[in-house]
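What follows is a set of notes on a single structure, which appears directly below.
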Amino acid sequence: MTIELPDARGRLRTYEPRTEPFAPATGAPFTSRTVFSAAHVVADPYADTTPDSPAAVDWDATLAFRRHLWSHGLGVAEAMDTAQRGMGLDWAGAAELIRRSAAEAKAVGGRIACGVGTDQIASGTLAEVRAAYEEQLALVEESGAQAILMASRALASAAKSPDDYLEVYGHLLRQAAEPVILHWLGPMFDPALEGYWGSSDLDAATDTFLEVIAAHPDKIDGIKVSLLDAGREVALRCRLPQGVRCYTGDDFHYPELIAGDEQGFSHALLGIFDPLGPLAAEAVRVLDTGNTDGFRALLDPTVELSRHLFQAPTRFYKTGVVFLAWLAGHQSHFAMVGGLQSARSLPHLARAYELADGLGLFPDPKLAEDRMRTLLHLYGVTP
Numbered sequence: 000m001t002i003e004l005p006d007a008r009g010r011l012r013t014y015e016p017r018t019e020p021f022a023p024a025t026g027a028p029f030t031s032r033t034v035f036s037a038a039h040v041v042a043d044p045y046a047d048t049t050p051d052s053p054a055a056v057d058w059d060a061t062l063a064f065r066r067h068l069w070s071h072g073l074g075v076a077e078a079m080d081t082a083q084r085g086m087g088l089d090w091a092g093a094a095e096l097i098r099r100s101a102a103e104a105k106a107v108g109g110r111i112a113c114g115v116g117t118d119q120i121a122s123g124t125l126a127e128v129r130a131a132y133e134e135q136l137a138l139v140e141e142s143g144a145q146a147i148l149m150a151s152r153a154l155a156s157a158a159k160s161p162d163d164y165l166e167v168y169g170h171l172l173r174q175a176a177e178p179v180i181l182h183w184l185g186p187m188f189d190p191a192l193e194g195y196w197g198s199s200d201l202d203a204a205t206d207t208f209l210e211v212i213a214a215h216p217d218k219i220d221g222i223k224v225s226l227l228d229a230g231r232e233v234a235l236r237c238r239l240p241q242g243v244r245c246y247t248g249d250d251f252h253y254p255e256l257i258a259g260d261e262q263g264f265s266h267a268l269l270g271i272f273d274p275l276g277p278l279a280a281e282a283v284r285v286l287d288t289g290n291t292d293g294f295r296a297l298l299d300p301t302v303e304l305s306r307h308l309f310q311a312p313t314r315f316y317k318t319g320v321v322f323l324a325w326l327a328g329h330q331s332h333f334a335m336v337g338g339l340q341s342a343r344s345l346p347h348l349a350r351a352y353e354l355a356d357g358l359g360l361f362p363d364p365k366l367a368e369d370r371m372r373t374l375l376h377l378y379g380v381t382p
């Protein structure tokens, strides 16, 4: 059986779906790398919402997907960019997501780290930005989760110099109860973060970032870097204080960064590990045995899919992630908070299906094929 898939010019090409999925082996917890998947949220498709209304979340399906990730040994990075934080999911929704997911993690023994930001305010003074961060940090710590200090749109707007970043982050790190993960999200993911750390010059911004870390190494478990620049990440991780980890957020170069070299390696906190969960977990277990070639053989073929999902405008990668979760049977519908299921074209989604199917990511290939056919029919594609 074949399926006709459209390209960007409306031409149809014939694709033959695979019949057997990739079957990962179950295994012990990871030993060589710490790995988080930044997880998406499942919208409630029956809620009476508009693009400007608060997010309506299907909590049962959202938590079930987190259990799926934990079952493969992955940690969950919660309420992050992949969960549409600031793109449909407001602070009230994120707070509820953090509470529910942290409780679920405790119940099943899963590892969880949660995003701490300032999205309860659109803008404000430095004092108001600090207060917003403090409110979120307190909630995450009370939930029992590890904190991820995310980049703040409000801070990017309020800060006038690198010293403002040093002051705000220093204040937060001094009061953090446990070591946190510092998150540097590049403007390709969020244009409002242009010039973060006080400069659009990445070398100058890196120096300020490292100054924050050097002043508080005991309060920083690691850093999460999402700049899509492998060379910059390698140079940065070589400058980290002893004991501070680098968690790659580079969805273009993650196999080589996680594999590492003689100077070191990166751990992982990745949005692409949402759809790649079982395959990524299998690859890391192979790496745990010291088999770097086997790790790369499993993970390198996934980069084409990741680059496709994260192509510009990168911030809309969430649409492809949720689409693949629907095809894989992790949710019953292809709807997103904020209506962002419309943020990618049909040819883009068709190519995502083709690449994901080729990797064996769908537990039930026939279900994925049937759902892809349904979408094509809705768009008026008739072979």
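With numbering that gives the first Met the number 0 applied, the sequence shown covers 0 to 382.
In this text, a Cβ means the ideal position worked out from N, Cα and C, and glycines have one as well.
Bear in mind that the values here come from a model prediction, so they are computed numbers and not experimental data.
According to the neighbour-count rule (16 or more other Cβ atoms, all chains shown, within 10 Å of its Cβ), is His71 buried or exposed?
Counting from 1 along the sequence shown, the entry for residue 71 is found at position 72. Buried.
What do you reckon, is the C-beta of Leu96 under 6 Å from a heavy atom of the ligand GDP?
Absence of the ligand GDP is noted for the structure shown, with no ligands found whatsoever.
Since His307 is in the alpha helix (DSSP H), which residue starts that stretch and which ends it?
By one-based count along the sequence shown, residue 307 stands at place 308. Taken as a continuous stretch (DSSP letters only), the alpha helix (DSSP H) holding His307 covers Val302 to Leu308.
Using only alpha-carbon positions, find the residue among Lys223, Leu171 and Thr49 that is nearest to Glu387.
What the structure shows of the chain is the stretch from 0 to 382, and residue 387 is not part of that stretch, so it cannot be assessed.
Can you check DSSP and say which residues form a bridge with Thr13?
In the sequence shown, residue 13 corresponds to position 14, counting from 1. Thr13 is bridged by DSSP to Glu3.
Can you tell me whether Tyr246 is buried or exposed? The criterion is at least 16 other CB atoms within 10 Å of its CB, across all chains shown.
As a working mapping, residue 246 is identified with position 247 in the sequence shown. Buried, since its Cβ has 16 or more Cβ neighbours within 10 Å.
Burial state of Glu193, where buried means 16 or more other Cβ atoms lie within 10 Å
Mapped onto the sequence shown, residue 193 falls at position 194. Counting C-beta atoms within 10 angstroms of its own C-beta, Glu193 has fewer than 16 neighbours from the protein chains shown and is therefore classed as exposed.
Report all residues from its chain with a CB closer than 6 Å to the CB of Pro161; omit the five preceding and five following residues, and keep chain order.
One-based indexing of the sequence shown puts residue 161 at position 162. For Pro161, the CB contacts under 6 Å within the same chain, skipping 5 residues up- and downstream, are Gly197 and Thr207 in chain order.
Near Asp89, which residues of its chain fall below 7 Å by C-beta distance, leaving aside the five closest residues on each side in sequence?
Here residue 89 refers to the residue found at position 90 of the sequence shown. For Asp89, where only same-chain residues beyond five positions count, the Cβ hits under 7 Å are Pro53, Ala54 and Asp118.
Go through its chain and collect everything with a Cβ distance to Arg84's Cβ below 8 Å, but skip five positions before and after it.
The sequence position of residue 84 within the sequence shown is 85, counting from 1. The beta carbon of Arg84 sits closer than 8 Å to those of Ala78, Ala93, Gly114, Gly116, Asp118 and Met149, all from its chain and outside the five residues before and after it, given in chain order.
Who are the Cβ neighbours of Ala7 in its own chain at under 6 Å, not counting the five residues just before and after it?
Residue 7 sits at position 8 when you count from the first residue of the sequence shown. So the list reads Pro346, once near-sequence residues are dropped.
Lys218 vs Ile180 beta-carbon contact at 7 Å
Numbered from 1 along the sequence shown, position 219 holds the residue referred to as residue 218. Numbered from 1 along the sequence shown, position 181 holds the residue referred to as residue 180. No, the Cβ-Cβ distance between Lys218 and Ile180 is not below 7 Å.
Please work out which residues of its chain come closer than 8 Å, Cβ to Cβ, to Ile212, disregarding the five sequence neighbours upstream and downstream, and give them in chain order.
Numbered from its first residue, the sequence shown carries residue 212 at position 213. Apart from the 5 residues on each side of it in sequence, Ile212 sits with its Cβ closer than 8 Å to the Cβ of Leu181, Ile219, Ile222, Leu239, Pro240 and Val243 in its chain, given in chain order.
Between the CA atoms of Asp369 and Tyr253 - distance to the nearest angstrom:
Indexing the sequence shown from 1 puts residue 253 at position 254. Indexing the sequence shown from 1 puts residue 369 at position 370. So the alpha carbons of these two residues sit roughly 31 Å apart.
Are the beta-carbon atoms belonging to Pro16 and Asp356 less than 7 Å from one another?
Counting from one through the sequence shown, the residue named residue 16 turns up at place 17. Counting from one through the sequence shown, the residue named residue 356 turns up at place 357. Yes.
Throw me the rounded Cβ distance for the Phe309 and Asp228 pair, which I believe falls under 8 Å.
Numbered from 1 along the sequence shown, position 310 holds the residue referred to as residue 309. Numbered from 1 along the sequence shown, position 229 holds the residue referred to as residue 228. Not a contact, Cβ separation roughly 13 Å.
Short Cβ contact (7 Å threshold) for Ala155 with Ile120:
Here residue 155 refers to the residue found at position 156 when the sequence shown is read from its first residue. Here residue 120 refers to the residue found at position 121 when the sequence shown is read from its first residue. Not closer than 7 Å, so no.
Which ranges does the beta strand (DSSP E) cover as unbroken runs of at least 3 residues, wholly within the region 253 to 292, from first to last along the chain?
Counting only runs of 3 or more, we get 266 to 269.
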